[in-house]
Amino acid sequence: MRINFRNKVLSNSIWMILEKLISIFGLIFVTSYVAKYIGPANFGKISYVASIFIIIQAICNFGSEYLLFRRVSQNPISGRRLIHSTAVMRHLLFFILSLGVLFYLQINSDHVTFIFGIATAVAYYFATIDVVAVYNNATLNSKINTICNVIGLVTSLLIRYVIVLYKLDILFLSLPIILVTLVPYLLRRYLYRKEHSRTHGFHKAKFRNKLRYSRYMFMAGIPLAISSVSVIIYARITQFVIMHFGGDAELGIFSVASQLATAWMFITTSIITSYYSKIYAESNKDKAALMVARLHGLIFMISVFVIFNIVLFGKWVVHILYGEAYETAYPIMLILCVNSLFSAMVPIVNKYIVYDSGYAYLSKKTVAVAVVTIPIAIFLTKLHGVEGAAFSTVVTEFLSLTIFNYFFKSAVVLKIQISSLKPSTYKIVSKYE
């Protein structure tokens, strides 16, 4: 039984890696042509808008990526009811918040940028409401996500090819941006409803139960929503600072560098997510801590290997995908690779804090990091420009991985990280296994 479960976790990790690889492939190749065509300045505007919609997405999810994953891992039936009962809340929040952003974009941008802004909004809308992807990951069915994403990506790339082949108006490129998230969402929704429409009265939940689930999501989700938004703010604050002190073109260059420097993180994210489905089901905290320590070491080794290859081939990739206008992104990308090393390991710590019921602490931690990020980003960006902004992300991500976690339950995170450095953690079979 245990061996079969481990094999399923490994299989799910592989499918999740394929899913993320396909998603990243689509994101880079669908947007690179747009970036090359409209130039760094307009691409910077779109990146600025995308940063805002990422924050909106985090608010609308209300911590559901953590709550749903944990609930589904422990009780799939309850998880399905939670997904269904809280759907309206996500829809309404997204529409209300996105209208204000689009109104701002219409006033402060040209026609082309506004159209791509609308496409970005629609794409993030479907990404926001696509919580079935979380359900599939939690139930170790990432194969479904991968297949759906493949179909969406192929559809998007084919349409982009037709647009380029027949030299259609550049605005038509907004369509493949939307389809990258729309097609997988529709497919996953169809398959999900087909499988679960007749189970446990899922689609006939009483209004009282919907209120109960919504209240649970609201109360338990507040700390996680604050945490998620704070994480995004401290991850994106540099873009807002660059926009203020630099401008559109500088932000466009930084966005390309950031996208390429972090594109590989789908590997670590997939492994962490799959492995945590096992950790969340583990009641023995000592065993869970050992598993987290081993995971920490594994992710570190993978990160170092991938970053080494980015350093070797990154300049060539920038030139091929984005052209000469973006070649200054390479040195910035090297700095951001260090940031991505720390970023790859932060989810391990955050998910462990959630495992140990540290919702409130995680919320306070991420708010504290976000507050510290602002002066660091402003100071370094004013002093060293875009390179300084990149350095500021390294500093804040390091703090998020280390010091800001050490006040949680007698520095248990520090103990886990120290344990991950010991060879005995990997060589000796645990007494718990």
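So the number in our numbering is just where the residue sits in the sequence shown, counting from 1, plus 23.
Glycine residues also receive a C-beta, built at the ideal position from the N, C-alpha and C atoms.
query: Using three-state DSSP, classify Y60 as helix, strand or coil.; result: helix
query: Indicate whether A144 and S179 have their beta-carbon atoms separated by less than 7 Å.; result: no
query: Got a sec, what are the start and stop residues for the alpha helix (DSSP H) W339 sits in?; result: 308-345
query: Could you tell me the distance, in whole angstroms, from the CA atom of F34 to the CA atom of S297?; result: For the sequence presented, residue 34 should be read as Ser rather than Phe. Cα-Cα distance, rounded: 9 Å.
query: Cutting at 6 Å between CB atoms, please list the residues of its own chain near I200, excluding the five before and the five after it.; result: A142, A146
query: Between the C-alpha atoms of S253 and I77, what's the straight-line distance to the nearest angstrom?; result: 12 Å
query: Looking at L403: is its Cβ nearer than 7 Å to the Cβ of F421?; result: no
query: Can you give the Cα-Cα distance for V369 and L424, rounded to whole angstroms?; result: 5 Å
query: Suppose only complete runs of 4+ residues qualify. What are the alpha helix (DSSP H) ranges in the stretch 95-175, listed by chain order?; result: 99-108, 110-131, 134-152, 155-161
query: What are the boundary residues of the alpha helix (DSSP H) that A348 is part of?; result: Segment: none, A348 is in no alpha helix (DSSP H) and carries neither H nor E.
query: Are the Cβ atoms of S167 and N160 separated by less than 7 Å?; result: For the record, residue 167 in the displayed sequence is Ile; it is not Ser. Contact: no.
query: Sort V185, I61, L202, R113 by Cα distance to V135 and report the nearest one.; result: I61
query: Could you check how far apart the C-beta atoms of L198 and I182 are, in whole angstroms? I think they sit under 8 Å.; result: 6 Å
query: Taking three-plus beta-carbon pairs below 8 Å as touching, is the stretch 333-347 in contact with the stretch 272-292?; result: yes
query: Taking the alpha-carbon positions, what's the G123 to V203 distance?; result: 24 Å
query: Beta-carbon separation of V315 and I439 under 7 Å?; result: yes
query: Just to check my reading of the structure: A64 and A383 have Cβ atoms closer than 8 Å, yes? What is that Cβ distance to the nearest angstrom?; result: No, A64 and A383 are not in contact; Cβ-Cβ is about 42 Å, not under 8 Å.
query: Rounded to the nearest angstrom, what separates L214 and S300 at their Cα positions?; result: 22 Å
query: Let me know the secondary structure DSSP gives F365 once reduced to three states.; result: helix
query: Which ranges does the alpha helix (DSSP H) cover as unbroken runs of at least 4 residues, wholly within the stretch 267-314, from first to last along the chain?; result: 271-285, 289-302
query: For G140 versus V72, is the C-beta distance shorter than 7 Å?; result: yes
query: How far does the alpha helix (DSSP H) with F421 in it extend, from its first residue to its last?; result: 382-424
query: What is the residue span of the alpha helix (DSSP H) that L202 lies within?; result: 197-219
query: Look up Y189 in the DSSP assignment and say whether it is helix, strand or coil.; result: coil
query: Roughly how many angstroms separate the alpha carbons of L163 and S306, rounded to a whole number?; result: 19 Å
query: Exposed or buried, which one is S433 when buried takes at least 16 other CB atoms within 10 Å?; result: exposed
query: If you reduce the DSSP assignment to three classes, tell me which class S433 lands in.; result: coil
query: G270 to I100, Cα distance in whole Å?; result: 49 Å
query: For K450, report the span of its alpha helix (DSSP H) as first-last.; result: 447-450
query: Quick check on K227: buried or exposed, where buried means 16 or more other Cβ atoms within 10 Å of its Cβ?; result: Confidence at K227 is low in this model, with a pLDDT of 49, below 50, so its placement is unreliable and no value can be given for it.
query: When you compare only the Cα positions, how much space is there between F225 and I399?; result: The pLDDT assigned to F225 is 45, lower than 50, so where the model puts this residue is not dependable; a value taken from the coordinates is nonetheless given after this. Distance between the alpha carbons of F225 and I399: 48 Å.
query: Three-state secondary structure (DSSP) at L444?; result: coil
query: Going by beta carbon distance, what residues of the same chain come within less than 6 Å of F66, once the five residues before and after it are set aside?; result: A58, G275
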